[in-house]
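Asker:
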Amino acid sequence: QGRTIAVTGASRGIGLRVAEVLAAEGAQVVAGARDLSGVPDIAGVQFMTLDVTDQSSVRAFADTAIAAGADALVNNAGVGSFMPVEDITPEEYRRIMDTNVLGVILTSGAFVPHFRTLGRSTIVNVTSDVSARTFARGGLYTASKYAARAITQALAYEGHEYGLRVSEIRSGNVDTYFGDTQQGIPEKEEWLRPDDIAQAVLYALSAPGHVRIDEILLHPTWQPIAF
Ligand code: NJP
6 QGRTIAVTGA SRGIGLRVAE VLAAEGAQVV AGARDLSGVP DIAGVQFMTL
56 DVTDQSSVRA FADTAIAAGA DALVNNAGVG SFMPVEDITP EEYRRIMDTN
106 VLGVILTSGA FVPHFRTLGR STIVNVTSDV SARTFARGGL YTASKYAARA
156 ITQALAYEGH EYGLRVSEIR SGNVDTYFGD TQQGIPEKEE WLRPDDIAQA
206 VLYALSAPGH VRIDEILLHP TWQPIAF
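Residues in the sequence shown are numbered from 6 upward in steps of one, following the UniProt record's numbering.
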């Protein structure tokens, strides 16, 4: 209520639902993605073009959110890519790492100088359950999420000095457009919904000031247990 929160990767999937849920709770949301052509009108949500791999785009996004009073950032933008190690090209490596790792670095870096002045602020990073485990054909994607987890934890150490709380949301399969797939197809019926992740983000953002949620790990019930 009364807060301003920046959300990346908010044109669809998890990020869009995060923006909707936060706005329904009374927050002002500055929501970014590259292609805003399909986004709905949502009261309390200001959509802005954002490419997290492009520093000037990130700066413009952060400047707008900071001018609106942002005290929290949700790094959610991310892309998937699944192939055997021998098929990973330099181009695909850069696309995944630039978005999932450099994107978190640039976006966090654009907000941190402001957050330092606040005394209390929050960054929530939507990484993955595979930020600490891998699988066949998942080398590149999981490498990016391991790296995003490391950045998340480094930020937590650094931010501890000035009241920045940092949370990592690690989920199993979620029914979105992730990895160039479709939402709502029969194979994904038992998967987590974007709202399940949005509720975890809301919990991390709204925990009382004396509580820091280091990480939340959640899966669809059917998914084999993996920690
Ligand atoms: O995927 P999708 P999710 N700059 O494809 C945006 C993680 N995750 O919601 O830019 C700015 O429906 C893109 O918009 P656009 C996953 O790794 C997922 O599932 O127009 N924004 C769109 O709004 C990711 O970090 C699952 O293409 C950029 C959004 O990101 C996060 O959840 C499991 C961008 C992606 O929406 C959200 O993914 C898991 C850029 N350069 C973790 N590039 C899962 N779905 O199963 C992309 O463990 N976006």
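We treat Cβ as the ideally placed atom computed from N, Cα and C, and that holds for glycine.
Which residues bound the alpha helix (DSSP H) around residue 61?
Answerer: Residues 60–72.
Asker: Identify the continuous beta strand (DSSP E) that holds residue 218 and give its terminal residues.
Answerer: That residue, residue 218, is in no beta strand (DSSP E); it is neither H nor E in DSSP.
Asker: Flag residue 210 as yes when its Cβ comes closer than 8 Å to any non-hydrogen atom of the ligand NJP, and as no otherwise.
Answerer: Incorrect: residue 210 has no Cβ contact closer than 8 Å to the ligand NJP.
Asker: Could you name the residues of the same chain whose beta carbon sits closer than 8 Å to that of residue 222, not counting the 5 residues immediately before and after it, in chain order?
Answerer: Once the five neighbours on either side are set aside, the close Cβ partners of residue 222 are 134, 175, 176 and 232.
Asker: Starting from the N-terminal side, write out each stretch of the beta strand (DSSP E) that is 3 residues or longer and does not extend beyond the stretch 145–186.
Answerer: List check, beta strand (DSSP E) in window: 169–176.
Asker: Assuming residue 125 contacts residue 184 (C-beta within less than 8 Å), just tell me the rounded distance between them.
Answerer: That belief does not hold up - the Cβ atoms of residue 125 and residue 184 are roughly 36 Å apart, past 8 Å.
Asker: Within 8 Å: the Cβ of residue 55 and any heavy atom of the ligand NJP?
Answerer: Indeed, a heavy atom of the ligand NJP lies less than 8 Å from the Cβ.
Asker: Use the C-beta contact count for residue 7: other C-beta atoms within 10 angstroms, 16 or more gives buried, fewer gives exposed.
Answerer: Exposed: under 16 other Cβ atoms inside 10 Å.
Asker: Can you tell me whether residue 116 is helix, strand or coil according to DSSP?
Answerer: The answer is helix: DSSP assigns residue 116 an H, G or I state.
Asker: Compare the beta carbon distance of residue 21 and residue 29 with 9 Å and say whether it is the shorter of the two.
Answerer: Not a contact, by the Cβ cut-off of 9 Å.
Asker: Verify whether the separation of the beta carbon atoms of residue 178 and residue 129 is less than 9 Å.
Answerer: Going by C-beta atoms, residue 178 is not nearer than 9 Å to residue 129.
Asker: Skipping 5 residues on each side, what residues in its chain have a beta carbon closer than 7 Å to that of residue 41?
Answerer: Answer for residue 41: 16, 52 and 54, listed in chain order.
Asker: Would you mind stating whether residue 37 and residue 23 have Cβ atoms separated by less than 9 Å?
Answerer: Against a cut-off of 9 Å, the Cβ pair of residue 23 and residue 37 comes out as no contact.
Asker: Quick check: does the Cβ of residue 180 come within less than 8 Å of any heavy atom belonging to the ligand NJP?
Answerer: Flag set: Cβ of residue 180 near the ligand NJP.
Asker: Does the distance from the C-beta atom of residue 219 to that of residue 153 stay below 9 Å?
Answerer: Result no, Cβ atoms of residue 219 and residue 153 do not sit closer than 9 Å.
Asker: At a cut of 8 Å, does the stretch 191–205 reach the stretch 99–114 through at least three beta carbon pairs?
Answerer: The answer is no - the stretch 99–114 does not touch the stretch 191–205, with fewer than three Cβ pairs under 8 Å.
Asker: Bridge partners of residue 53, per DSSP?
Answerer: In the DSSP output, where bridge partners are listed per residue, residue 53 has 37.
Asker: Measuring only from the beta carbon, is residue 131 closer than 8 Å to any heavy atom that is part of the ligand NJP?
Answerer: Residue 131 Cβ: within cutoff of the ligand NJP.
Asker: Does at least one heavy atom of the ligand NJP sit under 8 Å from the Cβ of residue 206?
Answerer: No, the Cβ of residue 206 stays beyond 8 Å of every heavy atom of the ligand NJP.
Asker: Return helix, strand or coil for residue 16, following the three-state DSSP convention.
Answerer: Of the three classes helix, strand and coil, the one that applies to residue 16 here is coil, per DSSP.
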